[in-house]
Structure formats: C-alpha cells, structure tokens
Amino acid sequence: AQQQRNLDNIVSQHPRISGGKKSKKEACANSDLEVKNTSPMSEQDSGILDVEDEDEDEEVPGAQELVDFSPVYRCLHIYSVLGAREIFESYYRKQRRKQARLVLQPPSNMHETLDGYRKYFNQIVGFFVVEDHILHTTQGLVNRAYLDELWEMALSKTIAALRTHSSYCSDPSLVLDLKNLIVLFADTLQGYGFPVNQLFDMLLEIQDQYSETLLKKWSGVFRNILDSDNYSPIPVTNEEVYKKIVGQFPFQDAELEKQPFPKKFPFSEFVPKVYNQIKEFIYACLKFSEDLHLSSTEVDDMIRKSTNLLLTRTLSNCLQNVIKRKNVGLTELVQIIINTTHLEKSCKFLEEFITNITNVLPETVHTTKLYGTTTFKDARHAAEEEIYTNLNQKIDQFLQLADYDWMAMEPGSKASDYLIDLIGFLRSTFAVFTHLPGDVDVHSTMSGKVAQTACMSACKHLSTSLMQLLLEAEVRQLTLGALQQFNLDVEECEQFARSGPVPGFQGDTLQLAFIDLRQV
Numbered sequence: 001a002q003q004q005r006n007l008d009n010i011v012s013q014h015p016r017i018s019g020g021k022k023s024k025k026e027a028c029a030n031s032d033l034e035v036k037n038t039s040p041m042s043e044q045d046s047g048i049l050d051v052e053d054e055d056e057d058e059e060v061p062g063a064q065e066l067v068d069f070s071p072v073y074r075c076l077h078i079y080s081v082l083g084a085r086e087i088f089e090s091y092y093r094k095q096r097r098k099q100a101r102l103v104l105q106p107p108s109n110m111h112e113t114l115d116g117y118r119k120y121f122n123q124i125v126g127f128f129v130v131e132d133h134i135l136h137t138t139q140g141l142v143n144r145a146y147l148d149e150l151w152e153m154a155l156s157k158t159i160a161a162l163r164t165h166s167s168y169c170s171d172p173s174l175v176l177d178l179k180n181l182i183v184l185f186a187d188t189l190q191g192y193g194f195p196v197n198q199l200f201d202m203l204l205e206i207q208d209q210y211s212e213t214l215l216k217k218w219s220g221v222f223r224n225i226l227d228s229d230n231y232s233p234i235p236v237t238n239e240e241v242y243k244k245i246v247g248q249f250p251f252q253d254a255e256l257e258k259q260p261f262p263k264k265f266p267f268s269e270f271v272p273k274v275y276n277q278i279k280e281f282i283y284a285c286l287k288f289s290e291d292l293h294l295s296s297t298e299v300d301d302m303i304r305k306s307t308n309l310l311l312t313r314t315l316s317n318c319l320q321n322v323i324k325r326k327n328v329g330l331t332e333l334v335q336i337i338i339n340t341t342h343l344e345k346s347c348k349f350l351e352e353f354i355t356n357i358t359n360v361l362p363e364t365v366h367t368t369k370l371y372g373t374t375t376f377k378d379a380r381h382a383a384e385e386e387i388y389t390n391l392n393q394k395i396d397q398f399l400q401l402a403d404y405d406w407m408a409m410e411p412g413s414k415a416s417d418y419l420i421d422l423i424g425f426l427r428s429t430f431a432v433f434t435h436l437p438g439d440v441d442v443h444s445t446m447s448g449k450v451a452q453t454a455c456m457s458a459c460k461h462l463s464t465s466l467m468q469l470l471l472e473a474e475v476r477q478l479t480l481g482a483l484q485q486f487n488l489d490v491e492e493c494e495q496f497a498r499s500g501p502v503p504g505f506q507g508d509t510l511q512l513a514f515i516d517l518r519q520v
C-alpha cells in the first residue's frame, strides 16, 4: 500500500484503480491472491498480473507464503468427507472471533511510541488478510457477511482505542506519524474491499488534537522569542544584512532604503522571527491534511482556523504576558507598539501565503478571514494602557516624597525638590518617545499619538493628585506662606505644560490639565 501511495504521488495523472478487492495495490503486494480470487488452481498464471507492474516488487510475499494454511484446508476436507462441514465452519468462525478480540485489544502503553501503534495495526491487517485469503480459497468456510460483521466490530474497537490513546500524545511529530500510519492502514484494508470512511472521519478529530499540540509547542517558541528579544531596533551595517531581513519579513520603506549604512529597521528582532514562526506553523498544519482526501477549500479552511487560534490565543497571550510582566520599561513598551504595528501590516502577506499554498482565493465564499490584525491591535492597546498606568505609578512614587509644611510662615525660593525631580523624569521620558527611530509614517501617527495621550494622562494625573494633597481632610489650617510654596510647584507644572514636552498639541491644550488646580 505504501509503494502504491508513492507511485500515486509520483504519477498523479494515472487514475487510481479502485473497485472491491481488485485495486492495483493488491496486484503489487499480493498478486497471487488475485489469481486465487478467480480460480484457486491457476497459480502458474500469476505472471499475467505482474506484467502491468513491470517486475516491480515481485518479491513481496503474499499471505500463502507467510502463513501455512494447510491445517485449515485439511480439517475442512476431513469434516466435509464426514458430512459435518457445518460443525467445522461454526467452530472456525467462533475461534477466529475470539482471536479477533485478542488482536483488537491494544497494549496499555501503545501511545508511547510509533512502534506500539505499528504493531497494533499490523496485527489487525494480518488478521483480515488471512480471513480474506480463506474467503477466496475455500468455498464458504467464511463468507462476505461474516467478514463484514467482523470488520464492523474491528472498526469500532480500533477507533475507540485510537481515540483514547491518541489523546495522551503531546508531541505533534508523533501525532503526524500516527496519522500517516492510520492512512496507510486504511489504504491497505481498502485494497481488500473493506470500507474505511470512518477512519478518515476519525482522522479529522485527531487533526483538532494535532492542532492543539502544535499550539502548545508554538506557545513555547513564541515565549522564547519574546523573552530573548532586546526590544531595540535592528541595526544593519551592510546591504547583505538589509536584504536578509527584508527577505524574512515583508517590509518596504523608500526613505530607509535611501539612507546610508549603518541604519536601523524600526522594529526589533522579534518581528521577523514571529512572522517566520507563523509561516512554519502554517506548514505544520498543512502536513496533517496531506492524503486525507480533502478538498482544497477544506484544507484552506482548516489552516485558517488553526492559524486564527495561533494568533488570537497563543501569540496574543504571549504578547500580553510580556506587556504585563513586572519591571517592563517604557522604551520596551514603545518598541512593542512599533513591532505590533508592523506585524499588523504583514497580515495581508500571511493571507497571500495561505492562498498560494491552498490555491483557494480569499474572495471565495465562506473563506475564513485571518484575525491577525485584531490580535496585534489588542496587544498595541494593552501596551499603550500599560504605558499610561506605568507613568501614573511613577508619578505616585514621586508624590510620596511630597512633604508640605502647611503652617510655614515663608515660602521657599523655588519649587519643591520632589516636584523638580518629577518634572525632570517626565521630560526625559517624553524625549524617548519623540526620538524614536524608524519610519516616518509609523513614527508620526503612532508614537506621536501615544506620546500625546501619555503626556496628557500624566499631566491630568499629576494635577488631580496635587489637588488631593491640597484638599486633604487632615489639613485643617493653611498659612499664606504654605500656599505660596504650593503655588511655586503649580507654576513649575504649568511651565512644563507650556514648554511642549511632546509636539503636536494644539495651542494650550496641555495647560488646561492644570486649570482647575490653578483656580483652587
């Protein structure tokens, strides 16, 4: 059956001969059986069948070379002569039923190795090849109905055993090998005329499980990539390196191409790595669908559904974990925003990649869309939120150092130290945003917008916090000196807002954050 499958793959234009037992596989693997099918006595004619295969694999032994059937024939002959043929028939079938049950009992550790499965399948194939031989060489010791009934039982027991054992398997390559083995098992028995559709249906169940094992594996792959990234733009020193990266990831930027070396890509290492791993995952999904007699639309649908799970669940979780982890720096978060923007843009290339593999056009009815863009958008929003939260937490840390003497007679000569440090921190933070490397369009629209929102959010948070300090219930009395000192601090904040720490604000938008505080 395996040789036949290889032949079919090589000479795919030759139509497959199928019809009951007389498939070409049989001719190749068991030529003598076919002769017996027509007339048990004409063994010398077996050469006729081999002509078609041009001497290929004539050496493959048939059932009668591997098993000595003479005791069965002798018993049948003796019982027939004694006029008790029915007794032997019922005895034979009863014994073989018991043997079938033994053969169908899988070993408890079958799922541990491929050999475990192989032995199990070989036993079953062996049993039915022998019965098929008996069917064609004895008149009625067994009949088709008996064989079909046995096969029905075998099929349900085999499928139940495979369901149980395959569910223990966590290694995708073992699941893939098992699938290939099941396909061969099915093809072999189909060659003997046994119906095997249920096995192919079950393979679709195993496919879901294969997909799950792949997702688990890729979760580790993505985690490693994200953990080992340095979250800084990729530097390139020469044309060769530049071309290599552009070859790995679909990125075009006329401005960057014009720049002299050394130059930097806007994204960090994890962008091309993650992109390539998504493609590897797609290839891994495709491997399972081979030989399952599926239409290209079904294969396309399967790949897209699995890839969507990879994006929306596996990759999304990995990105969220990086964003939410302790001690994640602002520069890292900004880099994640830039990276996810580029990955989002690359989704249309992944769509094309799948289309090229499956030849199913995206505009075909019912084609599942890839949800990559939402995954990367969500990650970007999470990173932005994390930046705002992160900044506010830093502001709170500075504010804990605020130590106003509300009964002071005279104000100091300058703003409070803690506030000067706080404003210094904000200035340097927003400088990072505005000096981000990278392509102009991403830079201006995205980093600029995040920087503006972060700056406005920081100013509002600072203003609200200072207001709370001033209106605290415990503060029963205030001197003019204390208020004047507080006024110096508010002026420092207003001065910061006026200085335009982040470009792009209209007029005095930023100063409005402090207007309520000023009034009070």
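Going by the UniProt record's numbering, the sequence shown opens with residue 1, and the numbers climb by one from there.
Where a beta carbon is used, it is the ideal one built from N, C-alpha and C, also for glycine.
Just so you know, these numbers come straight off a predicted model, no measurement behind them.
Rounded distance between the beta-carbons of residue j and residue i, thought under 8 Å
i	j	result
residue 375	residue 306	14 Å between Cβ atoms; not a contact.
residue 242	residue 268	That belief does not hold up - the Cβ atoms of residue 242 and residue 268 are roughly 16 Å apart, past 8 Å.
residue 300	residue 354	7 Å
residue 463	residue 514	5 Å
residue 194	residue 128	7 Å
residue 414	residue 488	7 Å
residue 100	residue 150	6 Å
residue 79	residue 69	Not confirmed; about 15 Å, so no contact.
C-beta contact flag for residue i and residue j at 8 Å
i	j	result
residue 251	residue 342	yes
residue 234	residue 264	yes
residue 324	residue 176	no
residue 276	residue 259	no
residue 203	residue 118	no
residue 344	residue 372	yes
residue 431	residue 416	no
residue 134	residue 196	no
residue 219	residue 314	yes
residue 226	residue 347	no
residue 124	residue 160	no
residue 236	residue 270	no
residue 102	residue 157	no
residue 122	residue 116	no
residue 334	residue 433	yes
residue 304	residue 389	no
Counterpart residues of residue i in DSSP-defined beta bridges
i	result
residue 94	Paired residue(s): none; residue 94 is not in a bridge.
residue 264	235
Nearest residue (CA-CA) to residue i, options the options
i	options	result
residue 310	340, 137, 147 and 279	279
residue 424	165, 496 and 433	496
residue 143	131, 153, 154 and 152	131
residue 170	206, 156 and 238	206
residue 308	157, 215 and 370	370
residue 93	151, 363 and 146	146
residue 461	377, 510, 148 and 481	510
residue 210	281, 184, 189 and 187	281
residue 291	377, 184, 331 and 238	184
residue 332	289, 294, 386 and 161	386
residue 471	149, 284 and 406	406
residue 336	414, 321, 459 and 295	321
residue 409	484, 377 and 448	484
residue 363	380, 297, 346 and 378	297
residue 383	330, 418, 7 and 255	330
residue 532	285, 212, 499 and 339	The requested residue 532 is not part of the displayed model; the chain covers only 1 to 520.
residue 426	413, 358, 392 and 411	392
residue 520	261, 499, 266 and 486	486
residue 500	489, 428, 480 and 479	428
residue 493	419, 433, 448 and 473	419
residue 284	238, 356 and 214	214
residue 358	389, 404 and 289	289
residue 208	191, 198 and 166	166
residue 188	349, 1, 388 and 459	1
residue 179	257, 240, 156 and 111	111
residue 76	164, 90, 61 and 64	90
residue 162	192, 481 and 106	106
residue 498	481, 516 and 459	459
residue 478	312, 491 and 404	404
For the 8 Å Cβ check, are there 3 or more pairs between the region 499-517 and the region 448-459?
yes
query: Can at least three beta-carbon pairs, one atom from the region 467-480 and one from the region 389-397, be found at a separation below 8 Å?
result: no
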